[in-house]
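K.L.:
To convert, note that position 65 of the sequence shown is 57 in my numbering; the numbers rise steadily by one, no gaps.
We treat Cβ as the ideally placed atom computed from N, Cα and C, and that holds for glycine.
Bear in mind that the values here come from a model prediction, so they are computed numbers and not experimental data.
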Amino acid sequence: MKTCPFTLFLFLVVMLVSCSTKKEPYQIPENATELIAGTSGKTWKIAKRHNDGTRMNMAGCFLSYKITYLPDMTMKDNNGEQRECGPSLLANWKITQNKEGHYFIKLQSNQIPELMGIEKDYKYFQITYLSKDSLELRYRHAQFSGQVRTIVDLYVQEDVAVLNRDFHHK
């Protein structure tokens, strides 16, 4: 089979362009702190979770999980208020930016090593979307098997109705 030189050249150009195209980092809104914490605190619930691209079931502790960010740059979750969901996390939070321009919520607490199974007392969550009623965070997490996976959580304000959160049970 003969390959046309022009076709081969075109294929190489397309490959070079697609491989060198770098997606620009998501730019958070100027009022990101207020969008996350409101003026007196804002509570979020998980609307959807993806584990390495696979949508996860929102039953049990995930279905009842809520996290509240406060404007004094502290946060807390409600795990301790739920049966068998473990202790609540209390932490300080701030928005940081890495050298590539990506924005993160950095949580810092002496509880993090035990609760998240890591050595450091802080954890970064990349902000991939933020609006007044939606917050999407991406992070790497070692599962029980020790395999590290990418988790993407879409949070919505606690009063927003989300259809099919527990889609496995319908």
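Could you check if residue 110 is buried or exposed, using at least 16 other CB atoms within 10 Å of its CB as the buried criterion?
P.N.:
By the 10 Å Cβ count, residue 110 comes out exposed.
K.L.:
How big is the Cα-Cα spacing for residue 134 and residue 21?
P.N.:
Cα to Cα, the separation comes out at about 30 Å.
K.L.:
With residue 106 as the anchor, note down where its alpha helix (DSSP H) starts and where it stops.
P.N.:
Segment 104 to 108, the alpha helix (DSSP H) holding residue 106.
K.L.:
For residue 100, I'd like the list of residues in its chain whose CB is within less than 7 Å of its CB, leaving aside the five on either flank, ordered along the chain.
P.N.:
Once the five neighbours on either side are set aside, the close Cβ partners of residue 100 are 83, 84, 113, 114.
K.L.:
Which residues does DSSP list as the beta-bridge partners of residue 82?
P.N.:
DSSP output for residue 82 lists 68 as bridge partner(s).
K.L.:
What is the rounded straight-line gap between the Cα of residue 32 and the Cα of residue 149?
P.N.:
Rounded to the nearest angstrom, the two C-alpha atoms are 14 Å apart.
K.L.:
What is the DSSP secondary structure of residue 73, counted as helix, strand or coil?
P.N.:
Reduced to three states, the DSSP call for residue 73 is helix.
K.L.:
In the DSSP assignment, the beta strand (DSSP E) including residue 56 goes from what residue to what residue?
P.N.:
Segment 52 to 56 is the alpha helix (DSSP H) holding residue 56; no beta strand (DSSP E) there.
K.L.:
Does residue 20 come out as helix, strand or coil in the three-state DSSP assignment?
P.N.:
Residue state, collapsed to three classes: coil.
K.L.:
Rounded to a whole number of angstroms, what is the C-alpha to C-alpha distance between residue 107 and residue 81?
P.N.:
Roughly 8 Å between the two C-alpha positions.
K.L.:
Using DSSP bridges, identify the partner residues of residue 87.
P.N.:
Residue 87 pairs with 97.
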